[in-house]
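Residue numbers (our numbering): 10 to 248.
Note that beta-carbon positions come from the ideal geometry of N, C-alpha and C, so glycine has one too.
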């Protein structure tokens, strides 16, 4: 459970936008009795199975994941429905940002190796539940629900030996490396930061999300710095 994720989600964007996100999440949970039957048939049509998580657990996970995915993929505050919007509008928007497919059996199998390494070596994130007191029925308030879903729910032991080795290496010896992050991307909160001990170059592209943090989306000044850095390291001109 990485606390940096919580700090990011509590501070990114404007106060107004963060409130709209939370109000939307609460509205979806409060309207669960009307939303769940609609959602059930949507998942049936998508041929999604729920045996690792129950259908209702997957629903609550999707609601908790909403704020993470909202910033990760660059959703827009003006598109968030009012808490008083129709149930269909609430559900449509939820699915456009945080669908249940990520919490279905199919995804558990597809990402099994990722979850195993996250649970044993890399760590991952969880979901703060305090703002949703009284609204969660299928997931616990404590401990915070984890986004790690171990294959077959096997018990494992986490050790931070590998991640510490990687952390120390990139900070002490990670020369000739370029890091490109979008500062609006939730994942940027866990990015490698300058240590002052290497010649690594860091780009935190303003306003860019997970899918936009690309060389093609750099400003002219950023791209010029990027190219000149490579030319210097490679000792050649880049056309």
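{"query": "Using only alpha-carbon positions, find the residue among 186, 197, 212 that is nearest to residue 241.", "result": "186"}
{"query": "Between residue 239 and residue 12, what straight-line distance do the alpha-carbon atoms span, to the nearest angstrom?", "result": "34 Å"}
{"query": "Specify whether the region 14 to 27 and the region 64 to 81 touch according to this definition: at least 3 beta carbon pairs, one from each stretch, less than 8 Å apart.", "result": "yes"}
{"query": "How should residue 184 be labelled, buried or exposed, when 16 other C-beta atoms within 10 angstroms of its C-beta is the threshold for buried?", "result": "exposed"}
{"query": "Taking the straight line between their C-alpha atoms, what separation do you get for residue 37 and residue 162?", "result": "28 Å"}
{"query": "Check whether the region 215 to 230 touches the region 91 to 108, counting contact only when three or more Cβ pairs, one atom from each stretch, lie closer than 8 Å.", "result": "no"}
{"query": "So residue 157 and residue 89 are in contact, right, with Cβ under 8 Å, and what is the actual spacing, rounded?", "result": "Contact doesn't hold; Cβ gap of about 28 Å is too wide."}
{"query": "In its own chain, which residues sit with a C-beta less than 7 Å from the C-beta of residue 172, not counting the 5 before and 5 after it?", "result": "130, 131, 132"}
{"query": "Near residue 127, what residues of its chain come up, given a Cβ to Cβ distance below 7 Å and the 5 sequence neighbours on each side ignored?", "result": "133, 157"}
{"query": "Would you check if the distance between the CB atom of residue 160 and the CB atom of residue 121 is smaller than 8 Å?", "result": "yes"}
{"query": "Is the beta carbon of residue 108 closer than 8 Å to that of residue 71?", "result": "yes"}
{"query": "Please list the terminal residues of the continuous alpha helix (DSSP H) segment that includes residue 212.", "result": "Here residue 212 belongs to no alpha helix (DSSP H); instead the beta strand (DSSP E) covers 210 to 214."}
{"query": "Looking at residue 65: is its Cβ nearer than 8 Å to the Cβ of residue 153?", "result": "no"}
{"query": "Using the beta-carbon count (16 or more within 10 Å), is residue 106 buried or exposed?", "result": "buried"}
{"query": "How big is the Cα-Cα spacing for residue 251 and residue 57?", "result": "Because the chain is modelled from 10 through 248, residue 251 falls outside the range shown and cannot be assessed."}
{"query": "Do residue 200 and residue 208 have their CB atoms nearer than 8 Å?", "result": "no"}
{"query": "Less than 8 Å separating the beta-carbons of residue 144 and residue 28?", "result": "no"}
{"query": "Of the residues 91, 80, 227, 138, which one's Cα is nearest the Cα of residue 198?", "result": "80"}
{"query": "Sorted by chain position, which residues of the same chain lie with C-beta nearer than 8 Å to residue 237's C-beta, five sequence neighbours on each side aside?", "result": "none"}
{"query": "Within 10 angstroms of its Cβ, does residue 34 collect 16 or more other Cβ (buried), or is it exposed?", "result": "buried"}
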